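Report on one structure; see the data block that follows.
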């Protein structure tokens, strides 16, 4: 089998996770790299941090595919004294390309949200919001941000949180859960990464629980109070690490890209980074609580 060039890899990746699916504000795409360079090994990671760049160099990767863009907000200068500049110089000097695959992989078939839904065993999975169309293997698929689906059988909020904890990589923050531990759960809405901007769609989805990350005090409190008044029950929430909720996709992305390149006659090696790029190191408990006053 042939060794692909970076251009070959980009073309295969575009087939699976097309750029037109990314949000207007996003900066997904090729950050660093010569398109005619050979790519024998690809490292998948959530974040383009210094430790991931070092891992790529140490493991001989020719390309890093990260979920989060290194230059999402842009930069006017990239000297080696700037942390982003230092990463750029490290990768260029070691002939390692960098591809950011952010909201296009959030929305796509076999993307971040579908990977999390599959890991939880959800069935009859639908797009939560912002529907788009993706053409893949000659078929049109409705894709978009977030997913909502049904568990094979009703479980409790505590049991679902326990199952999610086994799926996600370990992080200092663990999981925060809002709702009665014994609340019955069957319909699940989810969004990998920060998801409190989707609360309106969650309310319309008739979900029993919403799994996402980076939940802030006021949006979460207001959602629970609104649902408590309108429905005489609160919407249950599971708040997890932003990094952890998106890390689940890396293995899926690596597998799908390997399959696509193999089908095109190319040999490729992929590796999923197990580095913890969640920014927190440890937590200190402030004591046990009986629960929130917003929980009926």
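Residue numbers (our numbering): 12 to 307.
Note that beta-carbon positions come from the ideal geometry of N, C-alpha and C, so glycine has one too.
Since the structure is predicted, the reported quantities are computational estimates derived from the model, not experimental observations.
When DSSP reads this structure, residue 88 sits in no beta bridge, so it has no partner.
At a Cβ-Cβ threshold of 8 Å, residue 289 and residue 262 do not count as neighbours.
Runs of the beta strand (DSSP E) lying entirely within the region 161-191, each at least 3 residues long, are 187-189 in chain order. Between the region 97-110 and the region 34-49, the count of Cβ pairs shorter than 8 Å is three or higher; the stretches touch. Residue 139 holds the alpha-carbon nearest to the alpha-carbon of residue 222 among 139, 301, 278. In this model, residue 201 and residue 158 are separated by some 6 Å (Cα to Cα). In this structure, the alpha-carbon of residue 69 lies about 56 Å from that of residue 241.
For residue 230 and residue 305, the gap between their C-alpha atoms comes out near 13 Å. For residue 94, the enclosing alpha helix (DSSP H) covers residues 94-104. Runs of alpha helix (DSSP H) with 4 or more residues, each lying fully within the region 193-242, are found at 210-215, 228-242, listed in chain order.
Classified as exposed, residue 292 has fewer than 16 neighbouring CB atoms from the shown chains inside 10 Å of its CB. Residue 160 is a Cβ neighbour of residue 133, given a cutoff of 8 Å. Less than 8 Å separates the beta-carbon of residue 54 from that of residue 66.
In this structure, the straight-line span from the alpha carbon of residue 147 to that of residue 245 is close to 39 Å. Residue 281 has its alpha-carbon roughly 21 Å from the corresponding atom of residue 178. Nearest to residue 40 by alpha-carbon distance, out of 17, 234, 94, is 17. Nearest to residue 215 by C-alpha distance, out of 238, 232, 191, is 238.
If the five residues before and after residue 100 are omitted, its C-beta is found closer than 7 Å to the C-beta atoms of 91, all from its own chain and listed in chain order.
Looking at the DSSP output, residue 251 shares a beta bridge with 224.
In the structure shown, residue 141 adopts extended strand secondary structure according to DSSP, grouped into three states. Counting along the chain, residue 62 sits inside the alpha helix (DSSP H) bounded by residues 61-70.
A straight line joining the alpha-carbon of residue 270 with that of residue 14 spans about 14 Å.
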